[in-house]
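Heads up, the thing below is written out as structure tokens.
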Amino acid sequence: MPGLSKKERMQIPRQPMPEQAPLERNKNFLEVNLGLTEELARMEANRCLQCPKPVCIEGCPVGVQIRDFIQLVSEGDFLGAAAKIKSDNALPAVCGRVCPQEEQCEAKCVVGVKHDPVAIGRLERFVSDYEREKVGIRTPQIKPKTGKKVAVIGSGPAGLSCAGDLIQLGHDVTVFEALHDVGGVLIYGIPEFRLPKSIVKAEVDALKTLGVDFQTNAVIGFTDTIDELFENGYHAVFIAVGAGLPYFMNIPGENFNGVYSANEFLTRVNLMKAYKFPEYDTPVFDCKDKNVAVFGGGNTAMDAVRTAKRLGAKNAYIMYRRSEKEMPARLEEVHHAKQEGVEFVFLTNPLEFLGDENGWLRSVKLQKMELGEPDASGRRRPVPIPNSESITELDMAVVAIGNGSNPIIRKTTPDLTYNKWGNIVVNEATMKTSKQGVFAGGDIVTGGATVILAMGAGRTAAKAIDNYLSDSEPW
Amino acid sequence: MNKILSAEFLAADIKRFVIEAPKIAAKRKAGQFVIVRIDEKGERIPLTIADSNKAEGTITIIVQGIGKTTKAINEHKSGDFFLDVVGPLGKPSHIENFGTAISIGGGVGTAIAYPTAVALKEAGNHTIVINGARNKDLVILEEELKKVSDEVYITTDDGSYGYHGFVTQKLKELIDSGRKIDFVLAIGPIPMMKAVANTTRPYGIKTVVSLNPVMVDGTGMCGGCRATVDNKTVFVCVDGPEFDAHLVDFELLTKRNRTYNQNEKVALETHQCNYDKVFFEALSTLPLHQ
Numbered sequence: 000m001p002g003l004s005k006k007e008r009m010q011i012p013r014q015p016m017p018e019q020a021p022l023e024r025n026k027n028f029l030e031v032n033l034g035l036t037e038e039l040a041r042m043e044a045n046r047c048l049q050c051p052k053p054v055c056i057e058g059c060p061v062g063v064q065i066r067d068f069i070q071l072v073s074e075g076d077f078l079g080a081a082a083k084i085k086s087d088n089a090l091p092a093v094c095g096r097v098c099p100q101e102e103q104c105e106a107k108c109v110v111g112v113k114h115d116p117v118a119i120g121r122l123e124r125f126v127s128d129y130e131r132e133k134v135g136i137r138t139p140q141i142k143p144k145t146g147k148k149v150a151v152i153g154s155g156p157a158g159l160s161c162a163g164d165l166i167q168l169g170h171d172v173t174v175f176e177a178l179h180d181v182g183g184v185l186i187y188g189i190p191e192f193r194l195p196k197s198i199v200k201a202e203v204d205a206l207k208t209l210g211v212d213f214q215t216n217a218v219i220g221f222t223d224t225i226d227e228l229f230e231n232g233y234h235a236v237f238i239a240v241g242a243g244l245p246y247f248m249n250i251p252g253e254n255f256n257g258v259y260s261a262n263e264f265l266t267r268v269n270l271m272k273a274y275k276f277p278e279y280d281t282p283v284f285d286c287k288d289k290n291v292a293v294f295g296g297g298n299t300a301m302d303a304v305r306t307a308k309r310l311g312a313k314n315a316y317i318m319y320r321r322s323e324k325e326m327p328a329r330l331e332e333v334h335h336a337k338q339e340g341v342e343f344v345f346l347t348n349p350l351e352f353l354g355d356e357n358g359w360l361r362s363v364k365l366q367k368m369e370l371g372e373p374d375a376s377g378r379r380r381p382v383p384i385p386n387s388e389s390i391t392e393l394d395m396a397v398v399a400i401g402n403g404s405n406p407i408i409r410k411t412t413p414d415l416t417y418n419k420w421g422n423i424v425v426n427e428a429t430m431k432t433s434k435q436g437v438f439a440g441g442d443i444v445t446g447g448a449t450v451i452l453a454m455g456a457g458r459t460a461a462k463a464i465d466n467y468l469s470d471s472e473p474w
Numbered sequence: 000m001n002k003i004l005s006a007e008f009l010a011a012d013i014k015r016f017v018i019e020a021p022k023i024a025a026k027r028k029a030g031q032f033v034i035v036r037i038d039e040k041g042e043r044i045p046l047t048i049a050d051s052n053k054a055e056g057t058i059t060i061i062v063q064g065i066g067k068t069t070k071a072i073n074e075h076k077s078g079d080f081f082l083d084v085v086g087p088l089g090k091p092s093h094i095e096n097f098g099t100a101i102s103i104g105g106g107v108g109t110a111i112a113y114p115t116a117v118a119l120k121e122a123g124n125h126t127i128v129i130n131g132a133r134n135k136d137l138v139i140l141e142e143e144l145k146k147v148s149d150e151v152y153i154t155t156d157d158g159s160y161g162y163h164g165f166v167t168q169k170l171k172e173l174i175d176s177g178r179k180i181d182f183v184l185a186i187g188p189i190p191m192m193k194a195v196a197n198t199t200r201p202y203g204i205k206t207v208v209s210l211n212p213v214m215v216d217g218t219g220m221c222g223g224c225r226a227t228v229d230n231k232t233v234f235v236c237v238d239g240p241e242f243d244a245h246l247v248d249f250e251l252l253t254k255r256n257r258t259y260n261q262n263e264k265v266a267l268e269t270h271q272c273n274y275d276k277v278f279f280e281a282l283s284t285l286p287l288h289q
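Protein sequences appear in the order of chains A and B.
0 is the number of the first residue of the first sequence in numbering that gives the first Met the number 0; add one for each residue after it.
0 is the number of the first residue of the second sequence in numbering that gives the first Met the number 0; add one for each residue after it.
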């Protein structure tokens with residue numbers, strides 16, 4: 000509808016995302032969001048003001064040409080829109096589902112100043128799904144081969160986006176993955192109901208079509224060291240291994256049976272498909288009719304608690320030491336969790352897990368907190384309230400408070416520079432490490448962050464690697 | 000996909016596989032392990048590398064069929080494939096010339112103790128092996144061990160072969176005979192490793208055990224394999240698998256290894272009509288995966 004005035008565009012309400020009914024979906028692992036229809040997508044696209052200087056792009060870590068792809072959606076050219084996104088984003092169907100748009104592109108959207116912002120993420124998801132379902136993912140043209148080989152370590156979002164850019168620039172790319180399947184956190188961490196594995200596979204397959212070589216069961220550091228990769232003919236290395244070492248809270252009782260890290264609980268269910276046990280061989284704690292608490296307030300905590308609910312938990316709690324406002328999770332995940340019957344217990348901190356004589360978790364001792372002065376993160380610091388301890392019965396607990404840095408690369412590559420937390424130190428403009436030819440990005444550099452920030456780092460690194468390999472920017 | 004080049008039973012339910020895995024063969028050191036997955040629906044099973052041949056690009060693993068997956072592994076024959084074999088994982092054994100070293104293997108743990116016995120001998124130790132089994136039929140690797148060590152003692156619980164008694168009784172005899180013992184490595188069922196630790200503790204003999212808790216990824220990512228050593232939590236896959244025996248909380252390890260006993264029972268009942276009740280009893284004392 001090209002004839003619409005600005006005012007008319009602003010009057011169109013944000014189009015709702017069709018989704019599975021809450022009390023139905025909390026019993027299955029199918030995707031919650033069903034996706035916009037063509038009509039809803041075009042209507043939503045008409046809300047975009049087509050700003051002469053689109054500020055939404057500034058909010059996107061990989062610089063998707065948001066205004067232009069939305070214009071194509073409003074014209075009904077969905078395949079054109081998909082191609083437009085893909086010139087900047089190797090994994091659009093993934094990002095459309097898991098990016099925290101409300102903190103990024105949509106936070107910058109001019110419509111959002113007075114109304115709800117344009118649903119950029121939902122449109123991104125729509126066009127990439129449309130392309131995949133109607134014609135299959137189309138791959139872009141790649142530049143002539145340069146004869147240079149790059150090793151990418153880790154097949155999560157940072158590694159995949161870097162590989163996607165490098166292959167298009169004409170370099171040969173091998174992605175090394177420690178697990179038996181490709182995708183990193185996209186397949187072991189994020190649940191099926193939020194990001195179907197078939198979608199990750201389709202986007203990975205598109206990279207394979209472009210010529211990216213994936214080697215699974217390759218634990219770099221052990222299988223080959225980084226120096227051996229160079230000896231084997233690679234000209235540059237990008238380390239994108241993720242954080243990959245779960246933090247525990249260091250409180251008594253944390254090793255009782257039934258206490259999991261979020262990584263373990265989610266890996267068992269997602270990667271190993273324990274929700275289909277015994278058809279699949281890997282088991283997980285049987286949550287049916289049990290009391291489950293997840294400690295943490297991020298997306299991983301939401302994924303874990305909603306997974307527990309789907310596995311039949313009677314009570315599934317989020318226990319978070321600050322208040323709702325400070326929770327780092329995406330708004331949509333919090334909203335969905337509440338709809339599905341997850342109970343939120345704020346300003347509450349666990350002091351100790353209590354168990355039985357066989358080593359099984361039975362309850363948790365909790366302390367109430369209140370908010371004090373802001374801390375280093377800018378969020379108000381939770382302070383214990385004296386004499387506020389209580390005991391809550393619990394059969395399973397999941398600790399979802401983040402990840403430290405995995406030691407395998409560090410111990411086998413001592414000549415890189417690491418900070419005091421064990422993260423790799425890089426030049427943020429180029430992702431160059433202290434070791435020639437070695438770049439790093441994603442959670443192993445930043446500590447636990449988001450899919451899209453990791454993808455942004457992958458793109459930055461790809462550009463710098465290309466400059467380095469073409470000698471336009473020697474080390 | 001990794002091809003199985005040979006597969007033979009060493010004793011009832013204990014099978015030795017030689018697998019094509021050139022990269023792992025080139026890299027692995029004593030004490031390290033691999034994770035094996037047999038098919039798309041399979042569990043990831045950690046197994047210590049028993050031996051390797053760099054020139055032929057092969058590794059050897061020895062598997063005792065206890066749970067659903069280890070039994071399924073043992074149904075594989077020469078010429079078959081394992082879908083995934085990843086490694087080498089974990090820290091290698093700390094090997095030096097201690098002087099006189101005793102390597103103790105209990106049951107299928109003998110397979111795991113074997114490569115360390117080889118490494119101890121190569122480092123110049125006077126190497127003694129004590130190999131314990133319930134009975135004569137379960138004694139494995141006797142000839143191989145004799146070739147790589149200075150003294151070999153076989154013990155059986157029922158006296159059907161070799162020394163009648165537990166490995167710890169033989170160990171105590173050796174210590175009490177007045178010989179200077181500088182280092183002990185013990186690998187086997189948890190009660191055995193705990194008993195060895197208790198035997199050497201009063202003498203202050205440096206003693207190492209190899210733990211094998213439940214694992215998923217084997218690279219430190221999941222934290223499922225955590226154990227308590229010296230009152231601190233460790234991740235066995237990246238901090239171990241070998242630890243100072245005198246500092247390990249064996250009771251916790253025993254309890255944590257029972258986490259999935261109920262599921263394991265379901266898996267076995269679902270997938271297999273004939274199972275031997277003995278193995279359920281064994282589950283309570285053996286690590287879930289060996």
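Idealized CB from N, CA, C, for every residue including glycine.
One thing to note: Ile37(B) has its Cβ no nearer than 7 Å to the Cβ of Ala6(B).
Pairing Ala89(A) with Gly163(A) gives a Cβ-Cβ distance under 7 Å. DSSP places Leu330(A) in the uninterrupted alpha helix (DSSP H) bounded by 330-338.
Judged by DSSP in its simplified three-state form, Asp465(A) adopts helix. Less than 7 Å separates the beta-carbon of Leu252(B) from that of Ala226(B). Residues of the stretch 80-94 of chain B that bring their beta carbon within less than 8 Å of a beta carbon in chain A comprise Leu82, Asp83, Val84, Val85, Gly86, Pro87, Leu88, in sequence order. Boundaries of the beta strand (DSSP E) harbouring Asn52(B): 44-52, taken from the DSSP string. Contact between the stretch 453-461 of chain A and the stretch 423-437 of chain A is established, with three or more Cβ pairs separated by less than 8 Å. Of the other Cβ atoms in all chains shown, 16 or more fall within 10 Å of the Cβ of Arg27(B); this residue is therefore buried. Checking the DSSP bridge columns, you'll see Thr57(B) partnered with Glu19(B), Asn52(B). DSSP places Lys200(A) in the uninterrupted alpha helix (DSSP H) bounded by 196-209. Within chain B, no C-beta atom comes nearer than 7 Å to that of Arg361(A); the closest sits roughly 13 Å away.
Per the DSSP secondary-structure output, Leu88(B) pairs in a beta bridge with Phe32(B). Contact annotation: the stretch 405-423 of chain A does not touch the stretch 155-175 of chain A, with fewer than three C-beta pairs closer than 8 Å. Of the candidates Ser376(A), Leu365(A), Ala375(A), the residue whose Cα lies closest to the Cα of Ser387(A) is Leu365(A). Contacts with chain A at 7 Å (Cβ-Cβ) include Met220(B). Among the residues of chain A, those whose CB is under 9 Å from the CB of Thr232(B) are Phe247, Asn249, Glu253, Asn254, following chain order. In terms of CA proximity to Ser73(A), Leu3(A) leads the group Leu3(A), Ile56(A), Glu30(A). The three-state reading of DSSP puts Gly354(A) in strand, counting E and B together. Here Arg458(A) carries a helix assignment [DSSP, helix/strand/coil]. Its Cα nearest to that of Glu19(B), the residue Gly56(B) stands out among Gly56(B), Ala49(B), Leu140(B). Counting of Cβ neighbours within 10 angstroms places Asp243(B) among the exposed residues, the total staying below 16.
In terms of beta-carbon proximity, Ala266(B) lines the interface with chain A, with at least one pair separated by less than 7 Å.
Counted as a single uninterrupted DSSP element, the alpha helix (DSSP H) harbouring Gly158(A) occupies residues 156-167. By the criterion of a C-beta distance shorter than 8 Å, Arg321(A) is surrounded in its chain by Gly296, Phe345, Leu346, Met368, Leu370, Arg378, Arg379, Pro381, once the five residues flanking it on both sides are discounted. Looking at the DSSP output, Lys14(B) bridges to Phe8(B), Val62(B). With respect to Arg409(A), Gly401(A) sits apart: the two C-beta atoms are not nearer than 7 Å. Of all residues in the stretch 31-61 of chain B, those with a C-beta nearer than 7 Å to a C-beta of chain A are Arg36, Lys40, Gly41, Glu42, reading in chain order.
For a cut-off of 8 Å, the C-beta gap from Phe8(B) to Pro240(B) is around 26 Å, too long to register as a contact. Cβ proximity to chain B below 7 Å picks out nothing from the stretch 147-162 of chain A. Taking the C-beta atoms as reference points, Gly241(A) is found nearer than 7 Å to Asp442(A).
In the structure shown, the three-state DSSP call for Thr115(B) is helix. In this structure, the beta-carbon distance from Leu33(A) to Glu18(A) falls below 7 Å. Of all residues in the stretch 166-196 of chain A, those with a C-beta nearer than 7 Å to a C-beta of chain B are Ala177, Leu178, His179, reading in chain order. Close CB contacts of Glu95(B) within its chain, under the 8 Å cut and outside five residues either way in sequence, are with Ala122 (chain order).
Unbroken alpha helix (DSSP H) runs of no fewer than 4 residues, entirely contained in the stretch 102-178 of chain B, are found at 108-121, 141-147, 166-175, following chain order.
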